[in-house]
Every structure is written in C-alpha cells, then in structure tokens.
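Asks: For reference, the structure I am asking about is given below.
Numbering (our numbering), first residue to last: -11 to 272.
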C-alpha cells in the first residue's frame, strides 16, 4: 500500500507524508477536540503534504467519532488505530471504524508485540487486520529483540522502533538503531515505522531531562546509507545539521523514494516543530 506519494504543493518525496500525528499521546496529551482541530488545520496548511495519518487509541474511538460528527470533515480522516485493548479487541475496533466510513479511513493498525513474538500471535494479527490496511507491530527491545523484528517482517507487517519516551531506558542506543536498520534494510521489500521523541530534525540533548534524542533527519540519512552501504552509525550520531541536510538534499528522487519505502513514517506529538526544522534547514 503506497503511503508516500509525492505530496501536494511541491513537497519533496523524502518528506511526503513523513509525519504522523500523535497529538493524543505523551508528551502532548492533547484533548480530542484540540487535537482534531489542529490536525485539520495542518491538512489545510502550506506543508500539508508532509502530514500522514492521525493516531488514535482503540479505547478512544467513541470519543473520536463523537468529535468528528461535530466537525463534519470534508474527507474521511486517515487513521492509524493504536491497539490498547489487547489483540482480542482488534476485530471490534476495526468494525467500529469501518461502520463510520464517512468519517474515518483506516490506513494502519499498530500494536505492541508480546514479550515473545510468537508465530501464532502474528498469524492472528494477519487474520484480524484487513489486507488493505498496514499492520505495524512493535517488538520490545531486549534479548532476542532483532529475532522478533525479523518475525514481524516475515509475517508481512512493519516493525516499529520506539526512539524514546519518559525514561532513559526508552531511548535505544545508536548501535541498537543501527542494528535494527541493518535487519530491515536487509529484508527485501520491508518497511518500518518509528515513534516517540523524534521531536527535532537533528540529534540533540534535551536541556530539561538531559536525555539525548535521536533526530528524524539522522534517521532518514542513516536509512539512505543503510541502502547504499554507507556509515550508518556516523549518520545516527551526527549533530551537524547542515551536513545532514546537504546529504538529504543530494539524494536523487529515486534514492529518496527508496529511503521512504524503507523508513515509511514516524509519529510526532507536534506537526509544527518538524516542519519548522525542515524549513530552517532549507529542506521544504
């Protein structure tokens, strides 16, 4: 399923539909009315082509639908359904979404994997989620993590990598991200999604927490290098914004599309911040 066509209004292929809207989730924790108002405003903005799907928990579907009825959107809201009700709740949640097709267009279903990513569980995911909807599964980092990533790919789902969170242990090391990229880029036709704490384009230390955050531009350049045999770890570690931007700009259209076929999208609590960073670096 193609999620990254060239965006409207001249958005470069490397950034088309890159940023999914996770305003409902930490650290934003936006209220539903505000999150939807901001999302639809972004869809009308100059850089709308950068915006991907809207993320909503399965447990909050009734609230989402109630607000959409008030808003009366011109087009159904492109939705990624985040399963927080367990695998058994997936069929009911999907049925609710599909019953409101005038309001919602289900594009993606995302869920955490159990600690042991077993074949039976993955087969049930495939059975529950319609074929035209992307399945995204997040294996937990730890012992056997990369084996879980491989199993997810083998079952036709996208693996998800969590790049941060509320605690230090939520932030994967450069080596862990590089190892993840090696597995995914080495699997024919595989795509992945990233989430959490990719607030800024370039790797940086948060002055409030001291946590070192990965940058989404680092991840894009690292993905390009993983496909071309370049130094992936150096790209992930770099804090040289201009050098990263120059490397990104130098990618051919074909190379940019290959990068985005690999690194499909990431979830961000704020749409304005990544767009501002791209603008400052001359990428949009």
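Where a beta carbon is used, it is the ideal one built from N, C-alpha and C, also for glycine.
1. Within the same chain, show all residues whose beta-carbon is closer than 7 Å to that of residue 194, passing over the 5 residues directly before and after it, in chain order.
2. Taking DSSP as the reference, what is the three-state secondary structure of residue 2?
3. Give me the Cα-Cα distance between residue 246 and residue 75, rounded to the nearest whole angstrom.
4. Residues in its own chain within less than 8 Å of residue 56 by CB, not counting five upstream and five downstream?
5. DSSP state of residue 284, grouped into three classes?
6. Just grab the DSSP bridge partners of residue 116 for me.
7. Which of the three DSSP states, helix, strand or coil, is assigned to residue 148?
8. Return the first residue and the last residue of the alpha helix (DSSP H) that residue 105 is part of.
9. Would the stretch 146 to 154 count as touching the stretch 224 to 242 if we require 3 or more Cβ pairs under 8 Å?
10. Are at least three pairs of beta-carbons, each pair with one atom in the stretch 91 to 109 and one in the stretch 139 to 146, less than 8 Å apart?
11. What whole-angstrom Cβ distance do residue 149 and residue 180 have, given they're in contact under 8 Å?
Replies: Quick answer:
1. Contacts found: 201.
2. In the structure shown, residue 2 sits in coil (DSSP, three-state: anything other than H, G, I, E or B).
3. Distance between the alpha carbons of residue 246 and residue 75: 32 Å.
4. Excluding five sequence positions before and after residue 56, the CB atoms of its chain that fall closer than 8 Å to its own CB belong to 24, 65, 88, 91 and 92, given in chain order.
5. Because the chain here runs from -11 to 272, residue 284 falls outside it and cannot be looked at.
6. Residue 116 is not bridged to any residue.
7. In the structure shown, residue 148 sits in a strand (DSSP, three-state: E or B).
8. It is not in any alpha helix (DSSP H) - residue 105 carries neither H nor E in the DSSP assignment.
9. Touching, no, given that fewer than three Cβ pairs across the two stretches are closer than 8 Å.
10. In this structure the stretch 91 to 109 touches the stretch 139 to 146; the number of beta carbon pairs closer than 8 Å is three or more.
11. Sure, about 6 Å apart at Cβ, within 8 Å.
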